[in-house]
Amino acid sequence: MTTSSSSPNSFLIGIKRHALLFYDYFTQYAIVRVSYRGDFVISLLTSFAATIFALLFVVVLFQKTSQLAGWRFEEILFLYGFSLIPYGIFNIISLNLYDFGNTYIIEGKFDRVLLRPVSSLFQVLFETFRIESVQEIATGIFCVVYASTRLHVVWTLSKVGLFVFFGCCAGLVYISVFLILTTVTFWWEDRIGVHPPVWNVIAFGRYPLSIYSGVVQFFLCWIVPFGLASYYPSVRLLGRSVTPEYAPLVPVVAVAFFVLALFLWNAGTRHYSSTGS
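Here the sequence shown is numbered in my numbering, starting from 188 and rising by one per residue.
Written as structure tokens, this is what we have:
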């Protein structure tokens with residue numbers, strides 16, 4: 188009785204502890220980051236400008252055509268906006284993943300992480316943040332709201348819940364894919380890593396999958412599932428019909444990729460040997 192009852196309690200205590208640690212990590216980093224106001228404002232404006240310029244491409248595209256694979260401008264804008272939300276979530280906590288090989292493995296800072304009585308992955312993800320990427324989430328929500336108004340989408344409580352759920356699942360897909368790529372550096376030390384080519388694939392998930400060939404669609408659904416994470420939830424939320432309907436598989440794929448990422452991370456930490464620096 189004691190063992191069975193203490194297990195749920197210890198689990199809840201662990202969640203509370205990590206939630207408080209996350210709060211401390213984020214608030215302390217945010218205070219330091221925002222204290223350099225000029226640098227922060229410039230970074231925020233630069234990030235926002237990059238988002239707007241990419242969005243302007245969609246606007247310019249629809250100056251030449253009225254539809255794209257049967258999708259109107261407002262529908263593409265909805266899809267584009269939805270895809271920005273998980274992208275922003277990923278960007279906020281991805282800084283250490285992108286620099287992991289150089290900062291933690293080659294420079295030997297992973298030794299310090301392993302000495303602390305906290306999950307190594309938790310530390311790597313939440314020691315630093317790209318706070319200015321909050322604008323990507325805000326811009327994505329604005330695009331979704333604007334497009335929804337033009338399309339007369341009715342937002343019921345259940346649809347809002349579905350929107351949040353799909354957004355979190357998509358964010359988990361982004362994080363898991365790049366975490367899997369990050370684990371490569373445990374076996375192959377490289378300052379740049381294998382992230383850049385896959386980073387460019389993100390843009391493919393911002394458009395209807397029907398504009399791509401079957402091979403590309405398969406790649407964007409099951410190999411690097413950025414398309415699956417953004418396209419099918421958007422189809423469901425817009426009330427469009429598509430065959431096959433993969434929206435129910437989005438959380439399944441998100442969990443599967445996250446489990447794989449955790450497995451590779453744990454295997455990598457066991458394989459890791461100190462640099463001795």
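C-beta atoms are modelled at their ideal positions from N, C-alpha and C, and glycine is treated no differently.
Query                                                                                                                                                                      : Result
Below 8 Å CB to CB, which residues in the same chain sit around Trp-374 once its five sequence neighbours on both sides are set aside?                                     : Gly-455 and His-458
Could you have a look at Trp-386 and say whether DSSP puts it in helix, strand or coil?                                                                                    : helix
Go to His-458, then tell me how far its alpha helix (DSSP H) extends in each direction, as first and last residue.                                                         : 437-458
Does the separation of the CB atoms of Phe-313 and Leu-282 fall below 8 Å?                                                                                                 : no
Helix or strand or just coil, what does DSSP make of Trp-374?                                                                                                              : coil
Excluding the five sequence neighbours on either side, which residues of its own chain have a C-beta within less than 8 Å of the C-beta of Val-381, listed in chain order? : Leu-368 and Val-371
The alpha helix (DSSP H) spanning Phe-249 covers which residue range?                                                                                                      : Run containing Phe-249: none; DSSP gives neither H nor E here.
Work out the CA separation of Asn-278 and Pro-420 for me, nearest whole Å.                                                                                                 : 20 Å
Just to check my reading of the structure: Ala-256 and Ser-460 have Cβ atoms closer than 8 Å, yes? What is that Cβ distance to the nearest angstrom?                       : With a Cβ gap of about 50 Å, Ala-256 and Ser-460 do not count as contacting.
Exposed or buried, which one is Tyr-210 when buried takes at least 16 other CB atoms within 10 Å?                                                                          : exposed
Over the uninterrupted alpha helix (DSSP H) stretch that includes Arg-423, give me the two end residues.                                                                   : 413-425
So does the region 292-311 actually touch the region 237-246, counting three or more Cβ pairs closer than 8 Å?                                                             : no
Sort Glu-376, Val-422, Leu-451 and Ala-390 by Cα distance to Phe-413 and report the nearest one.                                                                           : Ala-390
Tell me the residue span of the alpha helix (DSSP H) that contains Val-429.                                                                                                : Val-429 -> no alpha helix (DSSP H), and no H or E assigned at all.
State buried or exposed for Gln-250, treating a residue as buried only when at least 16 other CB atoms are found within 10 Å of its CB.                                    : exposed
Could you check whether Tyr-394 and Ile-263 sit closer than 8 Å to each other, using their CB atoms as the reference points?                                               : yes
Where does Thr-326 land, buried or exposed, given buried means 16+ other C-beta within 10 angstroms?                                                                       : buried
Taking the continuous alpha helix (DSSP H) assigned at Pro-395, which residues delimit it?                                                                                 : No alpha helix (DSSP H) holds Pro-395; DSSP gives it neither H nor E.
Checking the sheet assignment: what are the DSSP bridge partners for Trp-409?                                                                                              : Per DSSP, none; premise fails for Trp-409.
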